[in-house]
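Residue numbers (the numbering used here): 2 to 420. For glycine and all other residues, C-beta sits at the position ideal for the given N, C-alpha and C.
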Ligand code: AMP
Ligand code: MG
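Set out below in structure tokens:
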């Protein structure tokens with residue numbers, strides 16, 4: 002693995018107790034990041050969503066031969082100077098061209114996509130022809146050259162049809178198939194390890210003891226990672242013990258491009274994540290002016306990028322979507338675009354203290370009369386995972402915003418494609 006997370010002195014530990022805005026934090030995270038190096042060759046059928054490592058050029062023209070864009074009749078336009086009646090001498094089927102040579106006053110019946118005989122230069126659609134046995138009469142005269150598709154109209158031989166860095170979609174895969182390209186070189190997928198910290202965490206299947214709760218974070222993380230098409234490695238639950246945390250971090254760093262942890266990132270007596278990261282790697286910052294998700298450790302252990310997310314389930318999801326997701330997209334080699342954000346009218350009053358940017362959970366709806374409307378899911382504390390499950394969008398409230406009455410226009414970020 003090559004170093005991708007080089008930290009400038011400015012981003013190293015200079016503001017360990019500073020409070021960053023969401024935008025500053027994103028900038029610090031993303032600025033030093035580069036895509037993973039290393040490629041793999043994949044069959045087209047496995048390549049959806051992957052990032053092309055090298056450009057693709059067309060080896061030949063598509064279409065490769067002149068063909069009809071309509072079912073009809075092919076002939077030489079100049080012949081119409083004598084008569085608009087033509088003698089049909091054969092048929093050109095798609096995949097089975099007419100083998101003969103057309104003479105003056107002759108035409109062939111032709112199907113869409115079939116090869117146009119070399120002597121013909123025009124196709125008339127069958128709707129504009131009257132037929133009597135093997136003789137046809139044109140009821141309308143087409144332009145010379147009508148209804149013919151030419152070689153190279155889609156792609157010329159040598160055209161650069163897909164650039165390196167392209168995220169392959171369904172159309173791209175069809176394009177590659179039309180060029181008879183069976184395999185493509187794509188960037189390898191980033192390897193992402195994740196673990197939960199906390200002595201109180203129990204795995205599902207085990208009975209809960211007093212003071213325990215089930216670990217949900219690894220399930221939300223795994224699912225959000227799967228949306229991003231990375232290789233995942235679930236490292237389980239690590240106890241709130243500095244030695245155990247350290248061993249788990251070193252193990253993860255030796256095999257992953259990115260390690261994501263949840264919990265233990267604050268300043269409680271059982272919070273060992275930030276200190277461990279400081280001992281064996283680099284911490285670039287750990288507090289942000291946002292809610293939920295105020296504490297967040299970011300840094301690296303050698304070549305392994307590190308995110309220590311807060312423990313509360315909603316905070317995990319919000320910080321993942323805002324910070325880890327764009328970092329992963331960058332590692333994947335995807336061009337970054339901002340999450341789609343637009344305005345909606347709030348149907349419910351929104352409670353907000355000025356000071357931190359908030360990502361509240363909302364339920365967005367749309368109708369023709371009122372346009373986009375959004376309602377709060379209710380209580381917004383970060384342990385209420387059900388609020389994320391009920392919501393279909395974030396309501397984004399800027400730092401300085403306070404309580405808002407119903408009817409106010411607010412910004413929303415829909416969850417489509419994120420969860
Ligand atoms: P921490 O950041 O470790 O102080 O955890 C904050 C809160 O999140 C505590 O109430 C934890 O019990 C809870 N929490 C931490 N990790 C998880 C997890 N993996 N699943 C569910 N809740 C968690
Ligand atoms: Mg904890």
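Cβ neighbours of residue 344 within its own chain (closer than 8 Å, five residues either side excluded): 373, 410, 411, 412, 413. About 5 Å separates the beta carbons of residue 272 and residue 265, which is inside the 8 Å limit, making them a contact pair. Per DSSP, reduced to three states, the secondary structure at residue 237 is strand.
Nearest to residue 60 by C-alpha distance, out of 216, 331, 178, is 178. For the pair residue 408 and residue 346, the CB atoms are nearer than the 8 Å cut-off.
Residue 396 counts as buried, since no fewer than 16 other beta carbons sit within 10 angstroms of its beta carbon. Residue 330: member of the alpha helix (DSSP H) spanning 326-333, first to last residue. The beta carbon of residue 30 lies closer than 7 Å to those of 299, 324, 328 in the same chain, with the five residues before and after it left out. Runs of alpha helix (DSSP H) with 4 or more residues, each lying fully within the stretch 318-378, are found at 326-333, listed in chain order. Taking the C-beta atoms as reference points, residue 46 is found no nearer than 8 Å to residue 74. Checking the 7 Å criterion, the Cβ of residue 216 is within range of a heavy atom belonging to ligand 1. In the DSSP annotation of this structure, the continuous segment of the alpha helix (DSSP H) that includes residue 274 starts and ends at 274-281.
Residue 350 counts as exposed, since fewer than 16 other C-beta atoms from the protein chains shown sit within 10 angstroms of its C-beta.
In the DSSP annotation of this structure, residue 176 is not part of any beta strand (DSSP E); the continuous alpha helix (DSSP H) holding it starts and ends at 171-179. The Cβ atoms of residue 193 and residue 234 sit closer than 8 Å to each other. Within its own chain, the residues whose Cβ lies closer than 7 Å to the Cβ of residue 62, once the five positions on either side in sequence are excluded, are 152, 153, 156, 157, 158, listed in chain order. Cβ atoms of residue 335 and residue 52 come within 8 Å of each other, at about 6 Å. When the five nearest sequence neighbours on each side are left out, the beta carbons in the same chain lying within less than 7 Å of the beta carbon of residue 378 are those of 362, 363, 364, 388, 391, 392, in order along the chain. Pairing residue 86 with residue 118 gives a Cβ-Cβ distance that is not under 8 Å. With a threshold of 7 Å, the Cβ atom of residue 382 does not count as near ligand 1, since no heavy atom of the ligand is closer than that. Unbroken alpha helix (DSSP H) stretches of 4 residues or longer found wholly inside the stretch 375-402: 386-391, given in chain order.
For the 8 Å CB-CB criterion, residue 398 and residue 342 do not form a contact.
The beta carbons of residue 221 and residue 318 sit closer together than 8 Å. Nearest in C-alpha terms to residue 125, of all of 160, 139, 135, is 139. In the same chain as residue 55, and ignoring 5 residues on each side of it, the C-beta atoms closer than 7 Å to its own belong to 165, 186, in chain order. In the displayed model, residue 157 falls within coil according to three-state DSSP, outside both helix and strand.
The beta-carbon distance between residue 331 and residue 337, rounded to whole angstroms, is 6 Å. This is short enough to meet the 8 Å contact definition. Relative to the non-hydrogen atoms of ligand 1, the Cβ of residue 270 never comes closer than 7 Å to any of them. Going by beta carbons, residue 101 and residue 88 fall outside the 8 Å limit.
In the three-state reduction of the DSSP assignment, residue 69 falls in the strand class, which pools E and B. When DSSP states are grouped into helix, strand and coil, residue 186 belongs to the strand group. If the five residues before and after residue 381 are omitted, its C-beta is found closer than 6 Å to the C-beta atoms of 361, all from its own chain and listed in chain order. Residue range 86-93 is occupied by the beta strand (DSSP E) that includes residue 86.
Residue 129 carries a helical assignment under DSSP once its states are collapsed to helix, strand and coil. In this structure residue 204 is not in contact with residue 262, their Cβ atoms being roughly 17 Å apart against a cut-off of 8 Å. The continuous stretches of alpha helix (DSSP H) do not include residue 56, and DSSP gives it neither H nor E.
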